[in-house]
Amino acid sequence: MNPQFIGVKYFAQHYKAKENLFVNDLTQDQYFNTIQLWAKIPIGQKLSVYASLPFHFHEKKTLQGDININGIGDFNLMGIYKLINSKDNKHELNGGVGVKVPLGKFDEKGISGVNPSFQLGTGSWDYQAVLNYRFQKNKVAVLLNTDYTIKTENKKHYQFGNQWNYSATGFYQIVGTEKMILSSKAGLQGEVYDRNRQYKEDLPKTAGSALYGKLGFEASYKKVSLGTELMLPTYTNLAGGDIEAKSRFSVFINFGI
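Just so you know, we're using UniProt numbering here: the sequence shown kicks off at 1 and counts up by one.
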């Protein structure tokens with residue numbers, strides 16, 4: 001795939017949640033949908049800038065009727081530096097730091113529900129560090145990635161919990177010619193969330209974690225890349241069991257630069 005690109009990505013997530021705090025069954029469907037403009041642009045031989053701007057259209061189906069929110073999300077900007085690149089190009093290690101700018105709307109009413117993350121934005125300036133390692137030999141590649149996000153308090157005195165993500169993905173090249181590449185991929189992705197806080201006080205049932213298995217394909221022809229991925233949970237413990245992750249799906253198209 002092209003390491004430097006400009007593109008568009010669609011990302012869909014499905015969760016089951018309690019209708020309210022006084023019931024036990026997870027009956028409420030919640031759908032998080034995002035169309036994202038993203039780019040990774042080189043600034044010299046070792047430094048790149050990554051940026052993404054999402055547009056969200058979320059929906060939850062309640063007993064009182066469907067609730068929909070849509071609009072621009074938070075803007076992400078990150079600098080990525082190539083720390084190691086072996087002469088045979090088999091090993092590559094990259095590190096980066098970034099910031100999330102609060103462009104998306106944060107609705108204070110939304111935090112009173114079972115899932116306070118049903119928002120367009122966090123309303124806060126958040127900071128991220130990322131590290132990824134790639135190994136590639138012949139038709140096989142392995143990508144290891146980890147990142148950590150520090151989330152700050154917003155103007156409404158609400159603070160989402162810090163988040164740690166990690167993943168391991170294996171790639172196998174099915175077709176490889178001078179102009180076209182087709183690869184399959186499979187792996188695991190995990191997420192760990194710290195407790196949310198309000199007025200400096202920890203909030204119960206806001207921490208959690210989830211682990212997903214993922215399967216997908218990526219193809220490129222000249223400078224155009226396409227990809228799709230399906231993720232299903234192997235383990236989910238969100239909001240003290242009040243929320244259950246169900247599925248994720250994404251598709252993208254990128255143009256190499």
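Cβ atoms here follow ideal geometry from the backbone N, Cα and C, with glycine treated the same way.
Find the nearest neighbour of residue i within the set the options, judged by alpha-carbon distance.
i: GLY161; options: ILE181, VAL192, ILE80, GLY187; result: VAL192
i: ASN165; options: ASN132, HIS58, ILE35; result: ASN132
i: ASN70; options: ASP107, LEU63, ASN196, THR62; result: ASP107
i: ILE67; options: ASN76, SER86, VAL101, TYR31; result: TYR31
i: VAL23; options: LEU63, PRO42, GLN36; result: LEU63
i: residue 334; options: GLY216, TYR15, LYS137; result: Residue numbering for the chain in the displayed model covers 1 to 257; residue 334 lies beyond these limits and cannot be assessed.
i: PHE57; options: ASP88, ASN33, GLY110; result: ASN33
i: LYS137; options: ASN89, LEU120, LYS109; result: ASN89
i: ILE72; options: ILE253, LEU120, GLU59, GLY65; result: LEU120
i: GLY216; options: GLU19, ILE257, PHE252; result: PHE252
Excluding the 5 residues flanking residue i on each side, which residues of the same chain have their C-beta closer than 8 Å to its C-beta?
i: ILE80; result: LYS40, LEU47, SER48, VAL49, TYR50, ASN94, GLY95, GLY96, VAL130
i: VAL101; result: ASP74, PHE75, ASN76, LEU77, TRP125
i: LYS179; result: TYR221, LYS222
i: ASN154; result: PRO102, PHE106, THR122, GLY123, SER124
Sorted by chain position, which residues of the same chain lie with C-beta nearer than 7 Å to residue i's C-beta, five sequence neighbours on each side aside?
i: ILE84; result: HIS91, GLU92, LEU93
i: LYS61; result: GLN28, ASP29
i: PHE255; result: PHE5, ILE6, GLY7, LYS223, VAL224
i: ALA17; result: LEU26, GLN28, GLN30, VAL114, ASN115, ASP242, ILE243
i: HIS157; result: GLN198, TYR199
i: LEU21; result: VAL114
i: ALA207; result: GLY161, TYR193, ASP194, ARG195
i: ILE111; result: TYR158
Looking at the unbroken beta strand (DSSP E) that takes in residue i, where does it start and where does it end?
i: ILE43; result: Note, ILE43: premise wrong, no beta strand (DSSP E); not H, not E.
i: GLU191; result: 180-193
i: LEU151; result: The sequence shown places Lys at residue 151, not Leu. Here the beta strand (DSSP E) through LYS151 covers 140-151.
i: VAL23; result: No beta strand (DSSP E) holds VAL23; DSSP gives it neither H nor E.
i: PHE11; result: 5-17
i: PHE255; result: 243-256
i: PHE160; result: PHE160 -> no beta strand (DSSP E), and no H or E assigned at all.
For residue i, which residues of its own chain have a beta-carbon under 6 Å away from its beta-carbon, when the five flanking residues on both sides are left out?
i: residue 337; result: Because the chain in this structure spans residues 1 to 257, residue 337 falls outside the shown range and cannot be described.
i: ALA219; result: LEU182, LEU226
i: ARG248; result: GLN13, MET231
i: GLY240; result: LYS205
i: ILE35; result: TYR10, PHE55
i: ILE150; result: TYR127, ASN162
i: SER52; result: GLN36, TRP38, ASN76
i: ILE43; result: VAL49
i: ASN145; result: ASN132, SER167
i: ASP202; result: ARG195
So, using beta-carbon positions, are residue i and residue j closer together than 9 Å?
i: ASN196; j: GLN159; result: yes
i: LEU77; j: GLY98; result: yes
i: GLN173; j: TYR148; result: no
i: SER250; j: THR228; result: yes
i: LYS185; j: LYS214; result: yes
i: ASP194; j: THR152; result: no
i: GLY170; j: GLY187; result: yes
i: GLN45; j: LYS87; result: no
i: VAL142; j: ARG134; result: yes
Length-filtered (3 minimum) beta strand (DSSP E) runs lying within the segment 192-226: Fully enclosed beta strand (DSSP E) runs of 3 or longer: 208-221.
Runs of 3 residues minimum, wholly inside the segment 55-141: which ones carry the beta strand (DSSP E) assignment? Counting only runs that start and end inside the segment 55-141, the beta strand (DSSP E) elements of at least 3 residues fall at 65-72, 75-85, 91-101, 126-137.
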